[in-house]
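In full-length UniProt numbering, the protein residues as written are 1 to 513. Backbone N, C-alpha and C define an ideal beta-carbon position, used for all residues, glycine too. Worksheet: one structure, shown below.
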Amino acid sequence: MTPLLWESSLTSSSILCAGLLIVIYVFTAVGAWYPLRRLPTPSFWAKFSYLWLAKTTWSGRQYWVYRDLHTKYGPLVRIGPYEIHTDDPDILRQLTGSRSSSRKSDWYLGARFNPRHDNILSTLDTEAHAKLKRRTAPAYSGREVPDLEAAIDSQILIMVDLVRGKCAMAEAGRPVVLDLCALAGYFSMDVITRLGFGKEIGYLRDETDHFQFHQSLQRAWPYLTISTDISWIRRVLFSRVGLKLLGPRSSDRRGLGPLMTVGEYCVRNRFAGNEHMNDMLGSFIRHGLTQQQCEVETLFMLVAGSETTSSALRSTLLHLITTPRVYAKLKEEIRTMIRKGVVSYPIQYEEVKQCPYLQAVLYEGLRSRPPLLGLFPKRVRKGGEVMHGIHIPEGTAICTNISSLLRSQALFGEDSHVFRPERFLEAEPKRCAEMERNTELVFGSGQFMCLGKTIAFMELSKAVFELMRAFDLQVVNPGNPCDVKSFGAFVEKDLFVDFKLDLAMRNDAVSGV
């Protein structure tokens with residue numbers, strides 16, 4: 001064949017291939033568009049592609065975009081070719097109920113922190129997930145970690161003593177400026193490693209971001225979120241080539257790699273010896289998890305258990321500090337409890353439950369800024385579902401819009417945009433229970449509810465109480481408290497706060513007045 005004929009044949013083949021790809025894409029796009037054509041969408045492109053979803057995720061304004069979505073477009077909004085967003089709590093509970101035949105979508109594969117093996121969150125098969133949940137639940141519930149509360153208390157004391165020591169060394173009357181993002185992150189990581197392995201890493205003790213974990217995670221959030229939300233990116237990254245080039249390894253010197261090493265080291269030593277410890281790892285082993293499963297679950301425990309709690313802690317404290325009326329009211333409740341002599345040091349979880357305003361503050365903090373903003377989609381069962389009068393075909397991914405749900409005026413009142421804990425105290429008992437139940441959707445629901453819910457509430461309530469008992473807090477820059485973006489979670493940095501010893505509270509405790 002002459003070069004001219006060869007080039008002509010090659011050009012024709014290229015045109016033919018390109019044409020076929022275009023035809024395939026058009027048919028695929030039309031096939032995706034048609035079944036959900038009746039649903040409103042924030043962008044024309046969301047009907048056929050993931051462009052709108054990718055743009056929203058990458059913008060760093062995910063929370064604020066999602067928050068206003070259903071006010072503009074109604075309870076069901078199409079955000080991708082096969083994805084629907086909803087803030088209807090009844091639909092979400094229906095999809096996750098124990099009798100539901102809906103399944104997790106492959107979105108959850110993005111939660112493989114060890115990308116070569118599934119953990120309890122990324123396990124898609126319902127039966128396999130239920131089996132793994134039964135084996136790990138005793139550790140998270142505290143049934144097999146008898147010193148769970150004492151372990152949290154030990155880290156509370158270390159954190160308070162650290163800040164108190166800095167205040168004592170400061171010039172008389174001068175506050176100490178600390179980054180609340182770092183303090184909350186160090187505290188939550190030490191708590192989860194103490195619970196998991198029986199010994200904390202020492203983030204608070206050393207005042208160091210060991211392995212640059214928090215710094216690496218902050219940088220990684222945009223990439224983690226977009227690779228989870230966009231299916232074709234997820235498939236590329238979790239392919240054999242993608243994992244080989246980009247997947248984390250225990251040999252890495254920062255990020256997830258060193259935490260993989262810590263987990264593997266602790267698990268390997270525990271399996272090699274005969275030591276039986278009443279920590280979370282010990283519970284995993286007693287319930288039959290293999291060495292590899294323990295390595296995977298402990299890594300998931302470290303990442304998920306630390307970041308969500310630290311986010312909730314810094315958010316709740318930020319809302320408290322910047323709302324003087326609420327701040328003063330919580331201080332007064334704490335002072336009253338101290339005067340009555342009905343609280344220990346540190347406060348015990350059963351005592352926390354006797355602090356109604358603190359409980360309201362915690363719920364309002366979670367409602368005002370949820371720790372996680374992910375889609376958490378479930379596939380519609382075989383035969384489809386009817387939602388709000390519209391038939392939704394089987395296989396469609398129904399995504400959770402927790403940002404909008406927790407700001408719903410129908411669920412939380414006309415002032416749902418305001419940080420006002422009193423809403424949980426003023427409502428009738430039935431209405432209050434409903435609001436609390438809806439707020440707890442930040443932890444999921446039904447068969448997919450977060451196992452760490454009890455630990456998170458215990459950590460959060462104790463930390464808020466003891467920090468408010470010991471110190472007066474003030475944001476350094478009220479006009480712009482911190483740099484904040486949202487990529488599946490709130491990514492905050494430079495939240496500088498003045499800490500000053502609350503001498504009046506201490507005097508009340510000493511005098512018993």
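Within 10 angstroms of the beta-carbon of Thr71 lie fewer than 16 other beta-carbons, which makes it exposed. Contact holds between the region 475-484 and the region 493-507, because three or more Cβ pairs, one in each stretch, are under 8 Å apart. Taking 8 Å as the cut-off, the beta carbon of Phe465 is found no closer than this to the beta carbon of Lys453. The C-alpha of Tyr50 lies about 23 Å from the C-alpha of Gly384.
In the DSSP secondary-structure assignment, Gln474 is bridged to Asp498. Assignment of Thr56 by DSSP, reduced to helix, strand and coil, places it in the helix class. Beta-carbon to beta-carbon, Arg381 and Ser102 are separated by about 5 Å, close enough to satisfy the 8 Å threshold.
In the structure shown, Arg78 falls within a strand segment according to DSSP collapsed to helix, strand and coil.
Judged by DSSP secondary structure, Ile402 falls within the alpha helix (DSSP H) whose first and last residues are Ile402 to Leu405. In the DSSP assignment, Ala489 forms a beta bridge with Leu372. Listed in chain order, the alpha helix (DSSP H) runs fully inside the region 184-235 are 203-206 and 213-229, counting runs of at least 4 residues. Inclusion of Thr86 and Ile392 in the CB contact set at 8 Å is not warranted, their separation being larger than that value. Take the alpha-carbon of Phe487 and the one of Trp58: they are about 7 Å apart.
Residue state for Val361 is assigned as helix, using DSSP reduced to three classes.
Secondary structure note for Glu83: its beta strand (DSSP E) is the uninterrupted segment Glu83 to Thr86. Burial check for Asn477: the Cβ neighbour count within 10 Å stays below 16, so the residue is exposed.
The beta carbon of Val361 is closer than 8 Å to those of Thr316, Leu320, Val326, Leu330, Pro421 and Val464 in its chain, skipping five residues each way along the sequence. About 7 Å separates the beta carbons of Val163 and Val176, which is inside the 8 Å limit, making them a contact pair. Judged by DSSP in its simplified three-state form, Asp161 adopts helix.
With fewer than 16 other Cβ atoms from the protein chains shown falling within 10 Å of its own Cβ, His276 counts as exposed. Excluding residues up to 5 positions away in sequence, Tyr66, Arg67, Leu69, His70 and Asp87 lie with their Cβ nearer than 7 Å to the Cβ of Ser404 in the same chain. Residue pairing by DSSP leaves His70 without any beta bridge partner. In this structure the region 135-145 does not lie against the region 262-272, because fewer than three pairs of beta carbons, one per stretch, are closer than 8 Å. In this structure, the beta-carbon distance from Arg367 to Leu406 falls below 8 Å. Each of Trp107, Ala433, Arg437 and Lys500 was checked against the Cα of Asp229, and the nearest Cα belongs to Trp107. Fully enclosed beta strand (DSSP E) runs of no fewer than 3 residues are not present anywhere in the region 322-349. Ranked by Cα distance from Cys450, the first of Glu426, Trp45, Val386 and Asn119 is Asn119.
Taking Ser227 as the centre and dropping the five residues before and after it, the same chain places the C-beta of Gly110, Ile233, Arg234 and Leu237 closer than 7 Å to its C-beta, in chain order. The alpha-carbon separation between Leu313 and Asp279 amounts to approximately 24 Å. Here Leu373 is not near Pro89, since their CB atoms are 8 Å or more apart. In the structure shown, Arg143 adopts coil according to DSSP, grouped into three states.
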